[in-house]
Amino acid sequence: MDIERLKQRLNAFTSKKDVNDDTYLKINISTKERLLPPDEKNKTVNAGERFEIERNRSKYYRIIGSINPTVSNALFNLADSAKANKYTWSTFNDILFLDTSYPKDNDVADKTDYTYQLSLKNNLVEMDGWFGHFNPDKTRSGFCDFFDMEPKRERFSFIPDMAPYHPTPAQIADSTTQVKNWELTITYPASADTQHYMVYSPTTGNGLLIVDKVVSNVATRPMTGFGVACKHNLKIGDIVKITGSTGFDGKHVVIRTGLDNGDMKDNYFVLDLPNTGVIDNDTRMVKVVNDIESQYYFRKFKKIKTKHSPVIETDDYETYGLGFSENIYYDKITQFVFNEDIDVSDLTDNLGRPLSEIFLSIIKTDSNNLFTNISSGLETPFFDNFNNYGGNFNYLRDLPVINKIHNGVQLTTGTPLPFVSYKPLELNVLVSNNLFYGDLVEFSNNDLIEVVLADVHHRFNTASRETPTTLNEVSRLQPSATTLITETITLGPRQEGYYYKAHHKFKIRDFSTYIETGDAATGDMPTYAIDLGDGRFVWRDLLDLGFSEINVKPLDYPFLNGTHYLYDNLCFFIKRQDPFNMWDLFHANFPADPIGEKITNKFTINSAEDVC
Amino acid sequence: MFVNRYQINLSSISSAATATTINIPISLESQEIGQSELIDKVFVDVQVENAINPISDYDKVRYLPLGINNKTIVSITYSLNLTGSTNYKAIGFADDDIKYEKSCFKESFIYMAFFDSPNPMTQRLISYHTIYSKLNDNDLLGIESQQTATYGSVIGIPGQPVPANEVNLDFIVKNPILKPLGFSEGYYLYDYRDELKIGESKYLYMRASFKNAKTGKSTNLMVSNPPTPLQIDKVVHELYTRYILTRDTTGYYYKIDETYHGNLTTSGSIDTSPNNVSHLGNDVGIILYQIQAE
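Following this line, the structure appears as structure tokens:
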């Protein structure tokens, strides 16, 4: 406010003759606004807060890890005409293995010489899980050298193969040839298959297919146990709805899980029903909580994007041997490093939520045409019905049971098929694909959590094993190697192959343990909130990294250089489809594949669940 | 401030019985002048963001060497020529030093310093490698018949080292995947991940010296072998081997420049003739010479 200073001199002070008159002044009242200077501003930056801000703001991930493989080449090739049958079943029929004379006299007439059968028995050796043989010529200086059968351990290595199987002339000429045995990529759950036969049919809708029913005795009361080919995620007291059966339909309380002897608790559940009903090709179960039915579906994983490319590429990672590192079977441990930053910004999962988990997907290559294509399926426990090939159980072939998948086709001659292959989820999995079946999950609006019921596995075999092959076996001792009398035996095809778990999870964010509820007017409601249809919306908050909820260990992994560093040591098992001759894939005819030795249950005691 | 306007007629005053009074209301209406919230939310926060250093990426990546036709290099051989001496015997090593792999042999090494510029006034050291003396496959005696053919008689047990005068001053680094039994330290280069964007490239300049554990002397090396000693001001152009670091969509790579001559010009254009770097298949050879200057 400006104030004008006015001074009025009275007339009497000017002259004695003057008198003071009334004087009038005009007073203007006006204001002017001026911005006062702000106070001195001080801001203290908290390093911890700043770290949390930057950490939760970053959407970039760098992934490193190690792979600890457990592998065996128990299923080796039958023959190899291009390489004189080296490192195959047929190689033991070679005169080099049959003639044991010292020095070699090039016949199989001596009492010490071998027939093919003896040659196999004495030359085929297993060392640390790897089948092979020593140099059959004992006069050679390197007779202690051990030669792997094909596929050799180099064909399973995560380090590229420098001496690949059946190299092409170009590969031979190139000293830098490297053939990848595996491809690694990063994927995330992007979509879902809700229509697969295992979880859906048009008549009964969504639900897990029941593959078996058995009589179960609970405290002397006969009840009925139902089996599913994946985890059922049920516990005692849960409500389960049965559909598509004869005599079992309706909602029931789970009395017990598992069989009477305590086995297969994850796959069998017992209902208080007389075993008089019938299940068929469309009998399904659904878990029900608060009248809300669970949904079952396959998640499909999609290749993720990187900072610089919309889709991760096969040259975005490196693998190399981890120094001085091997497992107890002397298999080398491999380190993998993704050189490109994984970018999860703007990506949502199959439920429209921000990503909370990503996966390292491992895909077998054909290793220079050594292996067959890759099929995918689920690792399931063994049910007797899987080996029942009567018409009543043909529908089970539509289940993607990894142990029952093979590439065999019915032959007009030669070895007949063990059985018609079950239907794989995917027939030819390649790293160039963009979507992969990832796992089978259960989701319910009641708890808003996807529970994994089964992981997808990949199956492969060697092409040689699936090729019809015969061998003129030397079955008796005889004087000349040039005119050997032989008997023809059938070596194959052999449909048993290998399989492994394909996708390995990296958790990047946690969902809250609390379920939030709101309505259409609720502010800050996430886009992925689920409309229950009665005006309510429910969701789980995505927790900040490092945020701790009661009794829940917060997710915490290194953050530096503006990116998150994910690390994991993966134990990677490559298994046989039928090592114990349970799944009808085992080749039992002479010469039979090596049979597995089961671990006895000396230290494991199963017991039926206490229903009380 | 809002002020009401009043109009007073003189007639009304003169005819009034009493003095006329007028109510002049003075009112204030508040207006926003405080901007502290704006300052806190916009100014302070923005300035805090500006004041905090941007996140630097200290992650390093591995640069793979590429040779002809962008093929992976299998091995890189650094061969020394110390004023004509190209084997260990010639620089003072005895046969037993090699045969028994004495410390004076094993602890002799070449030291390679990588700079971001060839200008010694402004250059910065980026990284360095050391490669120690090591016997290679061709430094071992063959079987008896081969020894007889080579030396006229058997001079040692097969597998033992050859005499010192046949062990070249070669320092070989190999691809650890293709040649897992080789020595691979120095095969890869490492640099910060965000140094290069896709499609960009940069240079590193390598200057080497040989540390002789037998004599305790360090010998500085250069890339040419002039017939006569160079003038000192010209030596600076002959010190460096240039490495070209590149990044493309497939990864991080480096090449060893085969035509770099310190960007010296001959007859008005940059000299692009071959230098001390040579490719033989998927192997690379680099010859380094003892500095000769006057």
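Going down the list, the sequences are from chains A and B. Convert by adding 4 to the 1-based position in the first sequence; the result is the number in this note's numbering. Convert by adding 664 to the 1-based position in the second sequence; the result is the number in this note's numbering. The C-beta atom is built at its ideal place from N, Cα and C for all residues, glycine as well.
For residue 213/A, the enclosing beta strand (DSSP E) starts and ends at 212 to 222. The bridge partners DSSP lists for residue 888/B come to none. Going by DSSP, residue 761/B is part of the alpha helix (DSSP H) stretching over 759 to 763. Taking a Cβ-Cβ cut-off of 8 Å, the neighbours of residue 54/A in chain B comprise 716, given in sequence order. Distance between residue 357/A and residue 738/B, taken at the CA atoms: about 47 Å. Going by beta carbons, residue 504/A and residue 461/A fall inside the 8 Å limit.
Close to residue 842/B, with beta-carbon spacing below 8 Å, are these residues of chain A in chain order: 166, 179, 180 and 182. Assignment of residue 943/B by DSSP, reduced to helix, strand and coil, places it in the strand class.
Annotation for residue 866/B: 859, 860 and 909 place their beta carbon closer than 7 Å to its own, counting only its chain and skipping 5 residues before and after.
By the Cβ rule, the region 509 to 526 of chain A counts as touching the region 564 to 576 of chain A, because three or more pairs are nearer than 8 Å. At a cut-off of 8 Å between beta carbons, residue 945/B contacts chain A. Going by beta carbons, residue 380/A and residue 506/A fall inside the 8 Å limit. Taking 7 Å as the Cβ-Cβ cut-off, the region 797 to 815 of chain B has no residue approaching chain A. Residue 742/B and residue 831/B have their C-alpha atoms roughly 14 Å apart. Along the region 703 to 715 of chain B, the positions whose C-beta sits under 7 Å from a C-beta of chain A are 703, 708 and 712, read in chain order.
Rounded to the nearest angstrom, the gap between the Cα atoms of residue 52/A and residue 779/B is 37 Å.
Short of 6 Å from the beta carbon of residue 428/A, and not among the five residues preceding or following it, lie these beta carbons of its own chain, in chain order: 379, 380, 381, 404 and 409. Rounded to the nearest angstrom, the gap between the Cα atoms of residue 477/A and residue 231/A is 46 Å. Under a 10 Å Cβ-count criterion, residue 768/B is classified as buried, with 16 or more other Cβ atoms of the shown protein chains found around its own Cβ. Going by beta carbons, residue 293/A and residue 450/A fall inside the 8 Å limit. Between the region 113 to 124 of chain A and the region 93 to 101 of chain A, the count of Cβ pairs shorter than 8 Å is three or higher; the stretches touch.
Segment contact: the region 360 to 368 of chain A against the region 190 to 198 of chain A, three or more CB-CB distances shorter than 8 Å; contact assigned.
Chain-order list of chain A residues neighbouring residue 725/B: 343, by C-beta distance under 7 Å.
Rounded to whole angstroms, the gap between the alpha carbons of residue 466/A and residue 93/A is 13 Å.
Taking 8 Å as the CB threshold, residue 20/A stays off the interface with chain B. Closest option to residue 729/B, judged by alpha-carbon separation, among 954/B, 952/B, 948/B and 957/B: 948/B. For residue 284/A, the closest alpha carbon among the candidates 320/A, 305/A and 395/A is that of 395/A. Within the same chain, and ignoring the five residues on either side of residue 385/A in sequence, the residues whose Cβ sits closer than 6 Å to its Cβ are 268 and 271. For residue 722/B, the chain A residues whose Cβ falls inside 9 Å of its Cβ are 564 and 565, in order along the chain.
The criterion of a C-beta distance shorter than 8 Å is not satisfied by residue 435/A and residue 154/A. Three or more Cβ pairs closer than 8 Å define a contact, and the region 754 to 772 of chain B meets that threshold against the region 787 to 800 of chain B.
Of all residues in the region 906 to 917 of chain B, only 913, 914, 915 and 916 come within less than 8 Å of chain A when Cβ atoms are compared, listed by chain position. The beta carbon of residue 489/A sits no closer than 8 Å to any beta carbon of chain B. What residue 313/A touches in chain B, judged by beta-carbon distance under 8 Å, is 913, going in chain order. When Cβ-Cβ separations below 8 Å define contact, residue 719/B makes contact with chain A. Non-local C-beta neighbours of residue 827/B in its own chain, meaning closer than 8 Å and more than five positions away in sequence, comprise 753, 759, 762 and 819, ordered along the chain.
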